[in-house]
Amino acid sequence: YIGIMNESAVSNSDRLKVQEEMTDPNDLEVSDVESFRQALLEKQGPRDHAIATIMAYGGLRISETVNLTLSDVLIDFREIIVQDGKGAKRRTVFMNDKIANSIREYLKIRQSDSPYLFPSRQSQKISRFHVNRIFNAYSDTITPHKLRHFYCSYSQNYAGLSLSEVANQAGHKSPQTTMRYTHPSKAQLLEKINKM
46 YIGIMNESAV
56 SNSDRLKVQE
66 EMTDPNDLEV
76 SDVESFRQAL
86 LEKQGPRDHA
96 IATIMAYGGL
106 RISETVNLTL
116 SDVLIDFREI
126 IVQDGKGAKR
136 RTVFMNDKIA
146 NSIREYLKIR
156 QSDSPYLFPS
166 RQSQKISRFH
176 VNRIFNAYSD
186 TITPHKLRHF
196 YCSYSQNYAG
206 LSLSEVANQA
216 GHKSPQTTMR
226 YTHPSKAQLL
236 EKINKM
């Protein structure tokens, strides 16, 4: 006869405590992103360079980037209007010189009647699948989502934006979400530790 166990087999003192990971999970450095953007510009052209630049330095999601229309991009005001972000939220993202210059260069060669900023030859707008395929062809490590991680970390750790400013730009509902993206990279931590 086997009885019913009344006591817990594992006590709280038996549980292993693990420190939460602090370094940025993608570990992209500025040089990685810049090399990737340059490769896209040289091999693919201004359209794909502009797509990567918007994601890396504007923090847009891949779906937000492919859904941009020409009227959403206000270069003179340095604004990108994300009409339908996650949770059907509308937000204004401010663009830096890299974004503005990449879009200007792309618009010089753009030939399409599509209202979308980034049309494809087959449809009114480029697909997420096509963007992922381009990224995979030019990098084993850089993905659209990793560029979003890069943006959040870079804008806080290098550019000096506050957590709430990064959350606003990235379209995060809560700064708690942003905190998952803004940890220092391993290289940054090593640089600071070496100063000790």
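Position one of the sequence shown corresponds to residue 46 (this note's numbering), numbered consecutively onward. We treat Cβ as the ideally placed atom computed from N, Cα and C, and that holds for glycine.
- DSSP places Arg193 in the helix class (H, G or I) of the three-state scheme.
- Non-local beta-carbon contacts of Pro160 in its own chain, meaning distances under 8 Å to residues more than five positions away in sequence, involve Thr114, Leu115, Ser116 and Gln169 in chain order.
- For the set Glu74, Thr98, His194 and Asp72, the Cα lying nearest the Cα of Arg82 is the one of Thr98.
- Along the stretch 102–148, the beta strand (DSSP E) occurs as fully enclosed runs of 3 or more residues at 124–127 and 136–139, listed in sequence order.
- When only Cα atoms are considered, Asp93 and Lys237 end up about 35 Å apart.
- In this structure, the beta-carbon distance from Arg173 to Ile107 falls below 7 Å.
- For the 7 Å CB-CB criterion, Ile120 and Ala145 form a contact.
- Nearest to Arg123 by alpha-carbon distance, out of Arg135, Asn112, Thr110 and Phe139, is Phe139.
- Counting the other CB atoms within 10 Å of its CB gives Tyr151 a total of 16 or more, which places it among the buried residues.
- Looking at the DSSP output, Tyr161 bridges to Thr114.
- Glu74 has its alpha-carbon roughly 22 Å from the corresponding atom of Thr110.
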